[in-house]
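Asker:
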Amino acid sequence: GENVEQHPSTLSVQEGDSAVIKCTYSDSASNYFPWYKQELGKRPQLIIDIRSNVGEKKDQRIAVTLNKTAKHFSLHITETQPEDSAVYFCAACYSSYGKLTFGQGTILTVHP
Amino acid sequence: SQTIHQWPATLVQPVGSPLSLECTVEGTSNPNLYWYRQAAGRGLQLLFYSVGIGQISSEVPQNLSASRPQDRQFILSSKKLLLSDSGFYLCAWTISGSASYEQYFGPGTRLTVT
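The listed protein sequences derive, respectively, from chains F and E.
Just so you know, we're using this note's numbering here: the first sequence kicks off at -10 and counts up by one.
Just so you know, we're using this note's numbering here: the second sequence kicks off at 51 and counts up by one.
1) Using a Cβ cut-off of 8 angstroms, pull out every chain F residue sitting near Gln153(E), in sequence order please.
2) For Asn56(F), write down the residues that DSSP places opposite it in a beta bridge.
3) Alpha carbon to alpha carbon, what distance is there between Gln49(F) and Thr69(F)?
4) Please go through the same chain and pick out, in chain order, the residues whose beta-carbon is closer than 6 angstroms to the beta-carbon of Gln3(F), but skip the five residues on each side of it.
5) Using a Cβ-Cβ cut-off of less than 9 angstroms, list which residues of the segment 101 to 115 of chain E approach chain F; keep chain order.
6) Would you say Lys46(F) touches the ligand ADP, meaning its beta carbon is less than 7 angstroms from a heavy atom?
7) Would Asp102(F) pass as an interface residue toward chain E - the criterion being a Cβ-Cβ separation below 8 angstroms?
8) Return the CA-CA distance between Leu71(E) and Lys88(F), expressed in angstroms with no decimal places.
9) Could one say the Cβ of Asn82(E) lies closer than 8 angstroms to chain F's Cβ atoms, at least one of them?
10) Quick one: residues in its chain with C-beta nearer than 6 angstroms to the C-beta of Tyr84(E), no 5 flanking neighbours on either side, listed in chain order?
11) With 8 angstroms set as the bound, which would you pick, yes or no: does the beta-carbon of Leu140(E) sit closer than that to a beta-carbon of chain A?
12) Are three or more beta carbon pairs between the segment 67 to 82 of chain F and the segment 119 to 135 of chain E nearer than 8 angstroms?
13) So, with DSSP's three-state summary, where would you put Asp48(F)?
14) Here's the rule: buried if 16 or more other CB atoms are within 10 angstroms of the residue's CB, otherwise exposed. What is Pro33(F)?
15) In the DSSP assignment, find the beta strand (DSSP E) that holds Gln52(E) and state where it starts and stops.
16) Please tell me whether Ala89(E) and Gly137(E) are closer than 8 angstroms, where the distance is taken between their beta carbons.
17) Let me know the secondary structure DSSP gives Pro119(E) once reduced to three states.
18) For the beta strand (DSSP E) that Asp73(F) lies in, which residues bound it at each end?
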């Protein structure tokens, strides 16, 4: 099966700084990589995703990059705001049934 | 638009009691459905997935079972709960037969086994 490692486990930044979260995956057949944001006590919300035929994708202040050769992908948040504070999860999809393997999460804290 | 419901929202059950959690999806047909568990402060673990009525695949051996009696209904059950079954249970869906794997989660059920 797939294995996803996520780093760092906690990240603290000042408002306006950038934040980067990195994930590595093991199964070279994985072809879809979503990122979820989870606020305390709530469901994970899909914020951005990337497919294996794309190297980078941007959506306003967030971007994701994928390096298939090295089997890692990263989430970049620019101009962070306090409302970006949450737990962020990466995931990798390794089957045509859409099964996701999740990383262990990164607690992002943005200080005003 | 599509909506996913879960109930109950919270549940406190004693060890050894049975469990039934329900998930329903509206606004789509023949979705792929998933059950995840999230232990406190941890990531999400896939428990079961289903690609159609009566079709259930288990990802990890455990004390739980799942059923899909209708196209848009997914049920998670246990005959006898263990303390280790405590957690946040999330149902998710995705469009089947599509190139899209975007997966959307329900609001979750927080289960405490005492």
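Virtual Cβ for every residue (Gly too), placed ideally from N, Cα, C.
The structure presented is a predicted model; accordingly, all values stated were derived computationally and were not measured.
Answerer: Quick look at the numbers:
1) Pro23, Leu35, Gly87 and Leu89
2) DSSP output for Asn56(F) lists His61(F) as bridge partner(s).
3) 12 angstroms
4) His100, listed in sequence order.
5) Val101, Ser107 and Glu109
6) This structure simply doesn't include the ligand ADP, nor any ligand for that matter.
7) Because chain F is modelled from -10 through 101, residue 102(F) falls outside the range shown and cannot be assessed.
8) 21 angstroms
9) Using a CB distance cut-off of 8 angstroms, Asn82(E) counts as an interface residue toward chain F.
10) Tyr99 and Ala142
11) Reference to chain A is not applicable here, since the protein chains of this structure are F and E.
12) Short answer: they don't touch.
13) In the structure shown, Asp48(F) sits in a strand (DSSP, three-state: E or B).
14) buried
15) Segment: none, Gln52(E) is in no beta strand (DSSP E) and carries neither H nor E.
16) Yes, Cβ-Cβ distance for Ala89(E) and Gly137(E) is below 8 angstroms.
17) strand
18) Note, Asp73(F): premise wrong, no beta strand (DSSP E); not H, not E.
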